[in-house]
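So the sequence lines, in the order shown, correspond to chains A and B. So our numbering is basically just the index in the first sequence, starting at one, shifted up by 1. So our numbering is basically just the index in the second sequence, starting at one, shifted up by 1. Report on one structure; see the data block that follows.
2 protein chains.
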Amino acid sequence: QGDAAAGKAKSAICAACHGANGKATIATYPNLAGQNYDYIVYALNAYKSGARSGGQAAIMQAQAAKLSAEDIANLAAYFSGL
Amino acid sequence: QGDAAAGKAKSAICAACHGANGKATIATYPNLAGQNYDYIVYALNAYKSGARSGGQAAIMQAQAAKLSAEDIANLAAYFSGL
Numbered sequence: 002q003g004d005a006a007a008g009k010a011k012s013a014i015c016a017a018c019h020g021a022n023g024k025a026t027i028a029t030y031p032n033l034a035g036q037n038y039d040y041i042v043y044a045l046n047a048y049k050s051g052a053r054s055g056g057q058a059a060i061m062q063a064q065a066a067k068l069s070a071e072d073i074a075n076l077a078a079y080f081s082g083l
Numbered sequence: 002q003g004d005a006a007a008g009k010a011k012s013a014i015c016a017a018c019h020g021a022n023g024k025a026t027i028a029t030y031p032n033l034a035g036q037n038y039d040y041i042v043y044a045l046n047a048y049k050s051g052a053r054s055g056g057q058a059a060i061m062q063a064q065a066a067k068l069s070a071e072d073i074a075n076l077a078a079y080f081s082g083l
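In structure tokens form, the structure reads like this:
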């Protein structure tokens with residue numbers, strides 16, 4: 002499992018759409034607070050690999066492309082713990 | 002906005018993976034409890050249209066294909082209200 006504190010530090014960019022507390026600022030974007038750790042890791046990897054595509058995925062593909070596996074684990078730990 | 006009671010009645014199939022209370026039974030599947038209404042509608046329509054594809058999307062495309070716009074609104078009302 003990742004490091005939630007490191008995930009919080011990394012999450013500044015995410016907050017723009019997903020909210021400072023993991024509650025999305027824009028209604029068509031998902032809340033992340035309390036989401037499943039494994040699902041967050043799955044989704045970020047799917048965006049990073051391009052496996053998840055279509056619709057709003059392009060936004061997340063660009064964001065996920067910059068994330069390391071460690072970043073992904075830390076972000077998942079942070080948001081799943083909210 | 003949809004009808005949460007009608008959504009609950011329709012949600013029996015969803016519970017198999019997303020849990021009877023919207024907390025996913027399988028860690029790589031998303032929780033739906035308290036998710037944004039508009040995001041749920043967006044995601045179900047993206048699966049229904051095939052706009053969202055790749056990875057686990059195939060499972061949801063099959064499920065969403067059977068849903069009417071009214072079903073989608075009702076399910077979104079139900080899960081967002083949990």
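Just so you know, even glycine gets a beta-carbon here, dropped at the ideal spot from N, CA and C.
Practice task
Quick one: grab the DSSP three-state call for residue 50(A).
Solution key: Residue 50(A): helix per DSSP, three-state reduction.
Practice task
Give every residue of the same chain whose Cβ lies closer than 8 Å to the Cβ of residue 37(B), excluding the five residues on either side of it in the sequence, and list them in chain order.
Solution key: Correct list, in chain order: 81.
Problem - CB contact below 8 Å: residue 28(A) versus chain B - result: Residue 28(A) counts as touching chain B.
Handout entry: CA-to-CA distance, residue 28(B) to residue 52(A), given in whole angstroms
Key = A direct Cα-Cα distance of roughly 19 Å separates residue 52(A) from residue 28(B).
Practice task
Could you work out which residues of chain B lie near residue 43(A), taking near to mean beta carbons separated by less than 8 Å?
Solution key: Within chain B, the C-beta atoms nearer than 8 Å to that of residue 43(A) come from 29, 56 and 57, in chain order.
Problem - Anticipated Cβ contact below 8 Å, residue 62(A) with residue 48(A), distance rounded - result: The beta-carbon distance between residue 62(A) and residue 48(A), rounded to whole angstroms, is 5 Å. This is short enough to meet the 8 Å contact definition.
Exercise for the section: Run the CB neighbour count on residue 67(A), radius 10 Å, all protein chains shown included, and call it buried at 16 or more, exposed below. Expected result: Around the beta carbon of residue 67(A), fewer than 16 other beta carbons sit within 10 angstroms, so the residue counts as exposed.
Handout entry: Sub-8 Å separation of residue 54(B) and residue 3(A) beta-carbons
Key = No, the Cβ-Cβ distance between residue 54(B) and residue 3(A) is not below 8 Å.
Practice task
Mind reading off the beta-carbon distance from residue 75(B) to residue 25(B)? Whole number of angstroms is fine, and I expect it under 8 Å.
Solution key: Contact between residue 75(B) and residue 25(B) is absent: CB atoms are separated by about 20 Å, not below the 8 Å threshold.
Handout entry: Backbone secondary structure at residue 28(B) - three-state DSSP
Key = Three-state DSSP puts residue 28(B) in coil, outside helix and strand.
Handout entry: Buried versus exposed call for residue 60(A) [16 or more other C-beta atoms within 10 Å across all chains shown]
Key = Answer is exposed; the Cβ neighbour count stays below 16.
Handout entry: Inter-residue CB distance, residue 32(B) and residue 35(A) (contact presumed, cutoff 8 Å)
Key = Going by Cβ atoms, the distance from residue 32(B) to residue 35(A) rounds to 7 Å, so yes, they are a contact pair.
Handout entry: The alpha helix (DSSP H) enclosing residue 9(A), as first and last residue numbers
Key = Residues 5-11.
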